[in-house]
Structures are given as structure tokens and as C-alpha cells.
Amino acid sequence: GNSVTQMEGPVTLSEEAFLTINCTYTATGYPSLFWYVQYPGEGLQLLLKATKADDKGSNKGFEATYRKETTSFHLEKGSVQVSDSAVYFCAPFPSTYGNKLVFGAGTILRVKS
Amino acid sequence: DAGVTQSPTHLIKTRGQQVTLRCSPKSGHDTVSWYQQALGQGPQFIFQYYEEEERQRGNFPDRFSGHQFPNYSSELNVNALLLGDSALYLCASSENGQTNEKLFFGSGTQLSVL
Numbered sequence: 821g822n823s824v825t826q827m828e829g830p831v832t833l834s835e836e837a838f839l840t841i842n843c844t845y846t847a848t849g850y851p852s853l854f855w856y857v858q859y860p861g862e863g864l865q866l867l868l869k870a871t872k873a874d875d876k877g878s879n880k881g882f883e884a885t886y887r888k889e890t891t892s893f894h895l896e897k898g899s900v901q902v903s904d905s906a907v908y909f910c911a912p913f914p915s916t917y918g919n920k921l922v923f924g925a926g927t928i929l930r931v932k933s
Numbered sequence: 009d010a011g012v013t014q015s016p017t018h019l020i021k022t023r024g025q026q027v028t029l030r031c032s033p034k035s036g037h038d039t040v041s042w043y044q045q046a047l048g049q050g051p052q053f054i055f056q057y058y059e060e061e062e063r064q065r066g067n068f069p070d071r072f073s074g075h076q077f078p079n080y081s082s083e084l085n086v087n088a089l090l091l092g093d094s095a096l097y098l099c100a101s102s103e104n105g106q107t108n109e110k111l112f113f114g115s116g117t118q119l120s121v122l
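As you go down the protein sequences, you meet chains P and A in turn.
For the first sequence, counting from 1, position 33 maps to 853 in the numbering used here; every step adds exactly one.
For the second sequence, counting from 1, position 82 maps to 90 in the numbering used here; every step adds exactly one.
#1: Between P:L866, P:T844 and P:V857, which has its C-alpha nearest S905 (chain P)'s C-alpha?
#2: Can you tell me where the beta strand (DSSP E) with N104 (chain A) in it begins and where it stops?
#3: Please give the ranges of any beta strand (DSSP E) in the segment 888–924 of chain P, keeping only runs that are unbroken, at least 3 residues long and fully inside the region.
#4: Could you tell me whether any Cβ in chain A is nearer than 8 Å to the Cβ of F882 (chain P)?
#5: If you scan the segment 51–81 of chain A from start to end, which runs of the beta strand (DSSP E) of 3 or more residues do you find wholly inside it?
#6: Using 8 Å as the cut-off, can you tell me whether the segment 46–59 of chain A makes contact with the segment 23–36 of chain A, which would need three or more C-beta pairs spanning the two stretches below that distance?
#7: Should the segment 87–102 of chain A be called in touch with the segment 924–931 of chain P, which here means at least 3 C-beta pairs below 8 Å?
#8: Using a Cβ-Cβ cut-off of less than 9 Å, list which residues of the segment 42–64 of chain A approach chain P; keep chain order.
#9: Could you tell me the alpha carbon to alpha carbon distance between W42 (chain A) and S899 (chain P), rounded to whole angstroms?
#10: Going by DSSP in three states, L119 (chain A) sits in which element: helix, strand or coil?
#11: Let me confirm a value: L867 (chain P) is counted as buried when at least 16 other C-beta atoms fall within 10 Å, else exposed. Which label applies?
#12: With DSSP as the reference, label G92 (chain A) as helix, strand or coil.
#13: Rounded to the nearest angstrom, what separates H75 (chain A) and E836 (chain P) at their Cα positions?
#14: Report the option in A:V12, A:S101, A:P16 and A:F53 whose CA atom is closest to the CA atom of S120 (chain A).
#15: Please confirm whether G114 (chain A) has its beta-carbon closer than 8 Å to some beta-carbon of chain P.
#16: State the Cα-Cα distance for the pair C910 (chain P) and E896 (chain P), rounded to the nearest angstrom.
#17: How many angstroms separate the CA atom of G114 (chain A) from the CA atom of A100 (chain A)?
#18: So, does the CB of Q98 (chain A) fall closer than 8 Å to a CB anywhere in chain P?
#19: Taking S933 (chain P) as the reference, give the member of P:F923, P:N842, P:T832 and P:V902 with the closest Cα.
#20: Taking R930 (chain P) as part of the beta strand (DSSP E), name the residues at either end of that continuous run.
#21: Counting only the same chain and skipping the five closest in sequence on each side, list residues whose C-beta sits under 7 Å from that of S878 (chain P).
#22: Quick one: grab the DSSP three-state call for R87 (chain A).
Have a look at this one:
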């Protein structure tokens with residue numbers, strides 16, 4: 821089965837700082853990889869995805885590259901904003917049919933102005 | 009489009025009681041999945057309903073059961089509540105066969121068991 825290890829939080833940064841949130845996974849087959857974000861009081865939203873090795877997913881200034889050789893999918897952003905404060909979840913999706921996501925424990929990001 | 013709606017938003021129960029949570033999927037979606045998110049943890053898959061039947065199930069005891077109605081809405085029932093059932097319960101909807109980029113989550117029901 822799939823499992824995910826995420827960088828422990830909370831991560832506290834000042835506005836415009838560089839962000840990295842590490843994610844490594846174990847999976848059978850060749851999973852797609854997702855980052856979800858959960859803003860306070862809201863449900864999860866898909867932030868970005870990558871479906872095969874060396875793919876780079878990007879959205880809202882965030883990026884993550886599917887590294888099959890290191891089984892990693894680290895999330896990065898060059899300049900964070902206060903509005904990026906949220907919980908970020910890494911999730912591999914198995915290659916077999918089904919909608920059973922396996923989430924990491926989540927990393928809390930706090931951005932100070 | 010209202011998206012995925014869940015009710016109630018908050019609920020307080022005592023040990024041993026039973027609870028029912030409700031979910032209305034996004035318009036056009038026919039598949040509903042339920043997740044349990046304990047404090048400080050990622051969501052854990054409970055089960056998925058499609059065509060009024062349970063299609064997949066995670067590692068949860070039989071105290072957790074569900075139902076899907078002909079209009080695709082769904083209920084999650086938990087019997088004999090334990091303190092450890094306190095969590096945020098998330099509903100997610102999708103169209104059958106779609107990948108996870110098409111998965112939409114509700115804001116959840118916060119269940120507290122005292």
C-alpha cells in the first residue's frame with residue numbers, strides 16, 4: 821500500500837521568504853502525486869499534481885517535481901504571502917482504479933507579515 | 009453551484025451514543041467518499057459510495073456505516089461512539105471514474121465525543 825512522510829510543522833516564515841515542505845512516499849506501481857491545501861475552516865482543495873516521473877506541477881506560485889529516484893514530491897514557493905497560511909497535505913494516488921487517497925499528516929504553514 | 013455541503017457543522021455527543029452526518033455532493037457528481045481527520049493528522053479514508061452501494065472501504069470498524077440515496081446524497085452513521093471518534097469528518101464527491109483532480113471536499117462536520 822501507499823504511505824507518506826511529510827515534514828513536521830508548524831513552519832513559520834516571514835512574508836516573501838522561500839518555502840520548502842518535504843514529502844516522501846512509498847507506493848506500489850507508479851502513483852500520481854498531489855498536494856492539497858486546507859485553509860482555516862474549509863475543506864481540502866487540490867493545489868497541484870504530477871502524474872509521472874520528472875513532471876512539475878505548479879499553481880499559485882507553488883511548484884513540486886515528481887522525483888521517482890528519490891520518491892519525493894517536495895513543495896516549494898519562492899515568496900510566500902500571509903494568505904498562504906494553511907495546512908498542506910501530500911497525497912499519492914495509486915495507479916489502480918479508485919478514489920482512495922492516502923494523505924500525509926499535513927504541515928502547518930504560518931506566514932507572518 | 010453550492011459545491012459539497014455537509015451538515016451539521018459541529019456536533020457534540022457522549023460515549024455510547026449514535027450519530028448521523030449528512031453530505032450533499034456537488035451538482036453532477038454521483039460518487040461520495042468519507043474521510044476522518046483527527047486533530048493534527050491527515051484525513052483517513054473511511055469508505056466510498058456509488059450507485060447506493062459501498063464500493064471501497066478503509067480500515068474502520070463496522071460501527072461506521074453509510075448510505076447513499078437515489079439523489080446521490082449520503083449519510084455516515086457511527087454507532088457506540090468512543091472518545092477516539094472525535095474528529096473532523098470530511099465528505100468528498102466526484103464523478104465516477106474521474107481522477108483525483110476532480111475530487112471536491114466539503115468543509116466537514118466537527119464531531120466531539122465527551
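Here a beta-carbon is modelled for each residue, glycine too, at the ideal position from N, C-alpha and C.
In brief:
#1: It is P:V857.
#2: Where N104 (chain A) is concerned, there is no enclosing beta strand (DSSP E), given that its DSSP letter is neither H nor E.
#3: Listed in chain order, the complete beta strand (DSSP E) runs (minimum 3 residues) inside the segment 888–924 of chain P are 895–897 and 906–913.
#4: Against chain A, the CB of F882 (chain P) has no partner CB under 8 Å away; the residue lies outside that interface.
#5: Taken in chain order, the complete beta strand (DSSP E) segments of 3 or more residues contained in the segment 51–81 of chain A are 52–58, 61–65 and 72–76.
#6: The segment 46–59 of chain A vs the segment 23–36 of chain A: no contact.
#7: Taking 8 Å as the limit for Cβ pairs, the verdict is that the segment 924–931 of chain P does not touch the segment 87–102 of chain A.
#8: Correct list: Y43, Q45, G48, Q49, G50, P51, Q52, F53, Q56, R63 and Q64.
#9: Straight-line Cα distance between these residues: approximately 34 Å.
#10: It is a strand residue.
#11: It counts as buried.
#12: The three-state reading of DSSP puts G92 (chain A) in helix, counting H, G and I together.
#13: Their Cα atoms are separated by approximately 47 Å.
#14: Cα-wise, what sits closest to S120 (chain A) is A:P16.
#15: With a threshold of 8 Å between beta carbons, G114 (chain A) makes contact with chain P.
#16: So the alpha carbons of these two residues sit roughly 12 Å apart.
#17: Rounded to whole angstroms, G114 (chain A) to A100 (chain A) spans 6 Å at the Cα level.
#18: Note that residue 98 (chain A) is Leu in the sequence shown here, rather than Gln. Taking Cβ atoms only, chain P reaches closer than 8 Å to L98 (chain A), which makes this a yes.
#19: Of the candidates P:F923, P:N842, P:T832 and P:V902, the one whose C-alpha sits nearest the C-alpha of S933 (chain P) is P:V902.
#20: Its beta strand (DSSP E) spans residues T927 to K932.
#21: So the list reads L868, once near-sequence residues are dropped.
#22: It is Asn, not Arg, that sits at residue 87 (chain A) in the sequence shown. Residue state, collapsed to three classes: coil.
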